[in-house]
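Structure record follows, encoded as structure tokens.
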Amino acid sequence: MKKIAVAVAGALFVTLMPGAAFAQTFTIPDRIEKLSARAGESTNITLDGALLQLASQFLSGKDGDERAVKELVSKLKSVHVRTFEFDKDGEYADSDLDPIRSQLKAPAWSRVVESRENGEHTQIFVKQDKGALAGLVILSAERRELSIVIIDGAIDLKQISKLGGSFGIPKDLPNAGTPPPKESTGKDSPE
Amino acid sequence: MGTALAAALEPEIALDFEALVHRHQAMVFSIALHFLHDRSAAEELAQDVFLQLHRHLDALQSADHVTFWLRRVTTHRCIDYSRRRRFRFLRLDGVPEPAADAAVSDLLLSRRLRTLVGELPAPARMAVVLRYQEDLTPEEIARVLDRPVATVKSQLQRALKALREKLGKMVPHA
Amino acid sequence: MHDELRDALRRVEPPAGFAERVLRRAARQPAPPSRPPVASATQAVSRLAIAATVVAAIGGGLWYRADERRKQEGEEARRQVLLSLSIAGSKLQSIEMKVNRRER
């Protein structure tokens, strides 16, 4: 009887593990949410399946960049983004991210990048489902900037990475200038 | 019914897209320019705002509604743009100089002020642009930016204080 | 300081040809539905009276507001999706750069 109970419990455990067929619900701890009060600038985005679907209806199917986003979004279940920019060091601790890390456990999740450099700690976690990527989490902790990106759903890392230079945003490079204006023939030239 | 009647008796509202572009291009472009401090980015952003207007024109009900809508969309796009930009460049080349007959010291002061405004944190920066470019009251700014009025007033106060301090360091007797 | 700020932040015209560029791009988009013009005040009043009756009868005004609200929500959702994916993309690129730098 005991052996059967253990087997059933094991089967239930496997079924309930993240990475199974249904979407994972992420909890962003209150301690993180409250950082917005201390940040000079912050971004707070939470998009569930319904909002992602709604957004998709308003994305252009003709514009090249938005078409790519529309396709990407069609496979996503949820998106959470929190970014905070502080005016001084020490407004948060790396350990504040532990409650998020605790939701990213093996075997469903694996940490594919870990980088510590000049006081910055960056981690990327991915979730796999039947051999394909089914989730992405980026935790980027810098001295005065904290970024948390949680994407649940089938993702294409290369496609997302390309979007960092889209919609008029310079690619994340040290000497990037601003993108050339569309059809601009302005007379004024930069000094 | 009274409001609708009054609106119907207004002079015919020109919700003709081309006319709206000509009427509002300076407003939209200037908000973007003074906030982003980058001429080419401001033009691109302003173009996108008008294209968005073109898509939503049927939902707008009056000339005032259009003005409010344009200010709101422009400010939100500017703030989004500044958040996405990883590295902030404060280029001094983006803003045209005023008329040639202005006193040199006025020219320098205006230029310096524009640069200092560009260095303010984004939320305060936008409040200053709307206050001094568009002459909006704090209540009107709060509606455009979706913020409490008290927050806007406090941001304006802090911004003016910061600008005075920085300007004072540049020009001791200003 | 107030006058100096007003002066410094005066509206400026966009570069020459801005309106033409916008109109060219807009022409490539689907045209919005056109509004019938109101020819005179009298016609406006009578048309308005009829329209108000119809709207009141079928609750069309509510539908219109709900539709407008939906459009606003949709645009806001679109804005947030674009912003969130561009933040994710920027972060990935930044991390990739750091990793590549270290591997050299």
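Protein chains in written order, with the numbering used here: chain A, 16 to 206; chain B, 4 to 177; chain C, 22 to 125. Glycine included, every Cβ here is placed at the ideal spot set by N, Cα and C. Since this is a predicted model, take the numbers as computed values, not measurements.
8 angstroms contact criterion, which residue i and residue j should meet: CB distance rounded
{"i": "B:His57", "j": "B:Phe20", "result": "6 angstroms"}
{"i": "A:Gln138", "j": "A:Leu154", "result": "5 angstroms"}
{"i": "B:Val147", "j": "B:Leu133", "result": "6 angstroms"}
{"i": "B:Ala45", "j": "B:Leu36", "result": "4 angstroms"}
{"i": "C:Leu44", "j": "B:Val24", "result": "7 angstroms"}
{"i": "A:Ile47", "j": "A:Val94", "result": "Not confirmed; about 16 angstroms, so no contact."}
{"i": "C:Ile108", "j": "A:Val164", "result": "6 angstroms"}
{"i": "C:Glu25", "j": "B:Leu116", "result": "6 angstroms"}
{"i": "C:Glu94", "j": "A:Leu69", "result": "7 angstroms"}
Nearest-angstrom Cα separation, counted from residue j out to residue i
{"i": "C:Ser111", "j": "B:Gln136", "result": "32 angstroms"}
{"i": "B:Leu163", "j": "B:Ser85", "result": "21 angstroms"}
{"i": "A:Ile115", "j": "A:Pro44", "result": "7 angstroms"}
{"i": "B:Pro124", "j": "A:Glu56", "result": "8 angstroms"}
{"i": "C:Lys92", "j": "B:Val52", "result": "16 angstroms"}
{"i": "A:Glu100", "j": "A:Leu161", "result": "7 angstroms"}
{"i": "B:His59", "j": "A:Phe73", "result": "11 angstroms"}
{"i": "A:Thr98", "j": "A:Thr58", "result": "5 angstroms"}
{"i": "B:Asp149", "j": "A:Gln118", "result": "34 angstroms"}
{"i": "A:Thr42", "j": "A:Leu112", "result": "11 angstroms"}
{"i": "A:Gly76", "j": "A:Lys92", "result": "20 angstroms"}
{"i": "B:Val131", "j": "A:Leu87", "result": "38 angstroms"}
{"i": "A:Glu129", "j": "C:Leu113", "result": "13 angstroms"}
{"i": "C:Glu89", "j": "B:Gln28", "result": "25 angstroms"}
{"i": "B:Leu110", "j": "B:Gln50", "result": "29 angstroms"}
{"i": "B:Thr78", "j": "A:Gly105", "result": "31 angstroms"}
{"i": "A:Pro122", "j": "A:Ala156", "result": "24 angstroms"}
{"i": "A:Ser176", "j": "B:Gln64", "result": "40 angstroms"}
{"i": "C:Gly38", "j": "A:Arg126", "result": "51 angstroms"}
{"i": "A:Arg158", "j": "C:Lys119", "result": "16 angstroms"}
{"i": "A:Leu172", "j": "B:Leu139", "result": "44 angstroms"}
{"i": "A:Leu67", "j": "B:Lys169", "result": "44 angstroms"}
{"i": "B:Arg128", "j": "B:Val152", "result": "16 angstroms"}
{"i": "A:Leu148", "j": "A:Gln174", "result": "13 angstroms"}
{"i": "A:Asp102", "j": "A:Ala54", "result": "7 angstroms"}
{"i": "C:Arg32", "j": "B:Asp41", "result": "15 angstroms"}
Below-8 angstroms beta-carbon distance, residue i vs any chain A residue
{"i": "C:Glu34", "result": "no"}
{"i": "C:Gln93", "result": "no"}
{"i": "B:Arg188", "result": "Since the first residue of chain B shown is 4 and the last is 177, residue 188 of chain B is not available in this structure."}
{"i": "B:Pro124", "result": "yes"}
{"i": "C:Arg31", "result": "no"}
{"i": "C:Leu106", "result": "yes"}
{"i": "C:Leu44", "result": "no"}
{"i": "C:Ala109", "result": "yes"}
{"i": "C:Glu96", "result": "yes"}
{"i": "C:Leu26", "result": "no"}
{"i": "C:Ser61", "result": "Note that C:Ser61 scores 48 on pLDDT, short of 50, meaning its location in the model is unreliable and no value can be drawn from it."}
Min CB distance residue i to chain C below 8 angstroms
{"i": "B:Cys21", "result": "The question names Cys, yet the displayed sequence has Glu at residue 21 of chain B. Cβ-Cβ to chain C under 8 angstroms: yes for B:Glu21."}
{"i": "A:Ile166", "result": "yes"}
{"i": "A:Val286", "result": "For residue 286 of chain A there is no data in the structure shown, the boundaries of chain A being 16 and 206."}
{"i": "B:Arg91", "result": "Low confidence applies here, because B:Arg91 scores a pLDDT of 41, under 50, leaving its location unreliable; read the following figure in that light. Not closer than 8 angstroms to any Cβ of chain C, the Cβ of B:Arg91 fails to qualify, so no."}
{"i": "B:Phe53", "result": "yes"}
{"i": "B:Leu163", "result": "yes"}
{"i": "A:Gln72", "result": "yes"}
{"i": "A:Thr137", "result": "yes"}
{"i": "A:Ile47", "result": "no"}
{"i": "B:Val69", "result": "no"}
{"i": "B:Asp149", "result": "no"}
{"i": "B:Asp83", "result": "yes"}
{"i": "A:Ile43", "result": "no"}
{"i": "B:His25", "result": "yes"}
C-beta neighbour in chain B for residue i, strict 8 angstroms
{"i": "A:Glu56", "result": "yes"}
{"i": "C:Met118", "result": "no"}
{"i": "C:Ala47", "result": "yes"}
{"i": "C:Ala40", "result": "yes"}
Closer than 7 angstroms: residue i CB and nearest the ligand MN heavy atom
{"i": "B:Arg115", "result": "Here there are no bound small molecules, and the ligand MN is not part of this structure."}
For residue i: DSSP bridge partner residues
{"i": "A:Ser155", "result": "A:Thr137 and A:Ser162"}
{"i": "A:Glu100", "result": "A:Glu56 and A:Glu160"}
{"i": "A:Thr61", "result": "A:His95"}
{"i": "A:Lys142", "result": "A:Trp124 and A:Gly150"}
{"i": "A:Asp167", "result": "A:Ser93 and A:Gly150"}
| field | Length at least 4, wholly inside the region 64-88 of chain B: the alpha helix (DSSP H) runs in chain order | value | 66-87
| task | Please list the segments of the beta strand (DSSP E) lying wholly inside the region 102-132 of chain A, counting only runs of 3 or more residues, in order along the chain. | result | 124-132
| request: Starting from the N-terminal side, write out each stretch of the alpha helix (DSSP H) that is 4 residues or longer and does not extend beyond the region 22-70 of chain B. | output: 42-59
| request: Let me know the alpha helix (DSSP H) ranges lying completely inside the region 122-163 of chain B, each 4 residues or longer, listed in chain order. | output: 125-135 and 141-148
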